[in-house]
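Residue numbers (the working numbering): 8 to 439. Beta carbons: idealized from backbone N, C-alpha and C, even for Gly. Here is the structure we will look at.
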Ligand SMILES: Cc1ncc(COP(=O)(O)O)c(C=O)c1O
């Protein structure tokens, strides 16, 4: 038996479901990827097989695995004793750097995960406005706390009952949600006409990467900004996945729309557990100790993660960083689409910056969750299985169309190698 399968069997005796995180089982493989080591854009599994990694820790390792600058920063933090629950000069340095980099940030707070960041941010919005309702968009993903666990499609309606994505979610929370399709200006206006004065916040993925890569249409995002401002609703951009993906200021810089509050996650930690929520100073001052809204935690802003983040954000601000990201992205996305075309496979790749989606079997535009759901999941699983067989790792998150991505350690030569391998994988797909 392979070491990978042996390990999965052993893990299942003590880890629930054999994994530490439910979506870590890659459905195309039937087990998780057991990595032995990782370096740059490559991972090696326990059986010694190497893969070009197009998952990149679900987007957390944007610099690549084992990045030297991050490694040095982490070693420095460890050498100083890594005492947590205290502040250091690095905390303020990182906060200042983020405020200088991301348009809406005047004040920030650090937490450990994207889930915590959206949870605290939405609580803050409720504390500030004294309102309870939230506007959210079908399929947009905001983590695992109860209030946001309602992504399921509710065709043509935005009233409760909505379908929770898990059993055990506190009953009745959907009464506080107004949920509409992404990119639907008519529904957006209706939602504000009927509920505008009850909404504490409107939260969205400003680039909807969780369904691959769906861009907000200009009229939609402009209307969202205007209607939130006019109704006293706080606009929250959840940039856990989009932060630093296409430019240092994230989706808000790319779209030139400044929200009131935002969250950052994944890549902000340079591969270490750190997330951020922040925004206008007058809003953030509602947090204790000045204000009356609570946000605290023993491991918040762990010094190792802060040091890693500082190294990562400094790297993202280097002048050559994004030209390289876009050169790699262009080569990879065009190359993939060319492969699908040449082999007569109905697949399309859409990407912006370092993250992308691949959709099989969808004709026409993809503007929202319902459109993305029309993808041919069976073909996606076959593609991912064939790609992994050829040494290119894509993750399958289960269910809807999913997101993939590359890291800055990937060179144009690595892209060409990946495309050569994927040529064989798509050829196999085409042959049935
Ligand atoms: C947009 C968005 N928000 C929140 C989260 C939750 O982040 P985490 O998995 O770090 O809790 C994710 C994770 O994929 C995400 O993509």
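Beta-bridge partners of residue i, as assigned by DSSP
i: residue 355; result: 366
i: residue 72; result: 47
i: residue 33; result: 38
i: residue 144; result: 187
i: residue 123; result: Bridge partners of residue 123: none, in fact.
i: residue 245; result: 270
i: residue 57; result: 51
Alpha-carbon to alpha-carbon, residue j and residue i
i: residue 33; j: residue 253; result: 26 angstroms
i: residue 245; j: residue 13; result: 39 angstroms
i: residue 8; j: residue 136; result: 59 angstroms
i: residue 42; j: residue 67; result: 16 angstroms
i: residue 176; j: residue 150; result: 13 angstroms
i: residue 416; j: residue 88; result: 30 angstroms
i: residue 302; j: residue 348; result: 51 angstroms
i: residue 30; j: residue 64; result: 12 angstroms
i: residue 239; j: residue 250; result: 25 angstroms
i: residue 391; j: residue 319; result: 29 angstroms
i: residue 377; j: residue 406; result: 12 angstroms
i: residue 143; j: residue 10; result: 43 angstroms
i: residue 267; j: residue 293; result: 14 angstroms
i: residue 338; j: residue 100; result: 36 angstroms
i: residue 300; j: residue 131; result: 6 angstroms
i: residue 181; j: residue 154; result: 7 angstroms
i: residue 214; j: residue 80; result: 30 angstroms
i: residue 475; j: residue 226; result: Residue 475 cannot be examined here, being either before or after the span of the chain that is shown, 8 to 439.
i: residue 305; j: residue 116; result: 13 angstroms
i: residue 98; j: residue 288; result: 17 angstroms
i: residue 134; j: residue 207; result: 9 angstroms
i: residue 424; j: residue 91; result: 43 angstroms
i: residue 191; j: residue 198; result: 11 angstroms
i: residue 96; j: residue 243; result: 28 angstroms
i: residue 408; j: residue 291; result: 35 angstroms
i: residue 210; j: residue 141; result: 7 angstroms
i: residue 295; j: residue 382; result: 46 angstroms
i: residue 363; j: residue 174; result: 30 angstroms
i: residue 228; j: residue 169; result: 24 angstroms
i: residue 404; j: residue 202; result: 34 angstroms
i: residue 384; j: residue 193; result: 30 angstroms
i: residue 129; j: residue 147; result: 15 angstroms
i: residue 5; j: residue 274; result: Residue 5 is absent from the structure shown; the chain starts at 8 and stops at 439.
i: residue 414; j: residue 309; result: 24 angstroms
i: residue 401; j: residue 422; result: 14 angstroms
i: residue 236; j: residue 138; result: 15 angstroms
i: residue 343; j: residue 221; result: 18 angstroms
Secondary structure of residue i, DSSP reduced to three states
i: residue 380; result: helix
i: residue 115; result: strand
i: residue 135; result: helix
i: residue 15; result: helix
i: residue 28; result: coil
i: residue 372; result: coil
i: residue 420; result: helix
i: residue 100; result: helix
i: residue 259; result: helix
i: residue 149; result: coil
i: residue 156; result: coil
i: residue 238; result: helix
i: residue 251; result: coil
i: residue 465; result: There is no way to answer for residue 465, as the model of the chain reaches only from 8 to 439.
i: residue 106; result: helix
i: residue 87; result: coil
i: residue 436; result: helix
i: residue 67; result: coil
i: residue 170; result: coil
i: residue 22; result: coil
i: residue 415; result: coil
i: residue 361; result: coil
Chain C contact for residue i (CB, 8 angstroms cutoff)
i: residue 189; result: You won't find chain C in this structure, because it holds only one protein chain.
ask   = What are the complete beta strand (DSSP E) segments, minimum 3 residues, inside the segment 266-343?
value = 268-271 and 282-286
ask   = Residue ranges of each alpha helix (DSSP H) run of no fewer than 4 residues wholly in the segment 381-412, ordered along the chain?
value = 384-396
inquiry  = Quick check on the DSSP output: what are the complete alpha helix (DSSP H) runs of length 4 or more inside the segment 194-232, in order along the chain?
reply    = none
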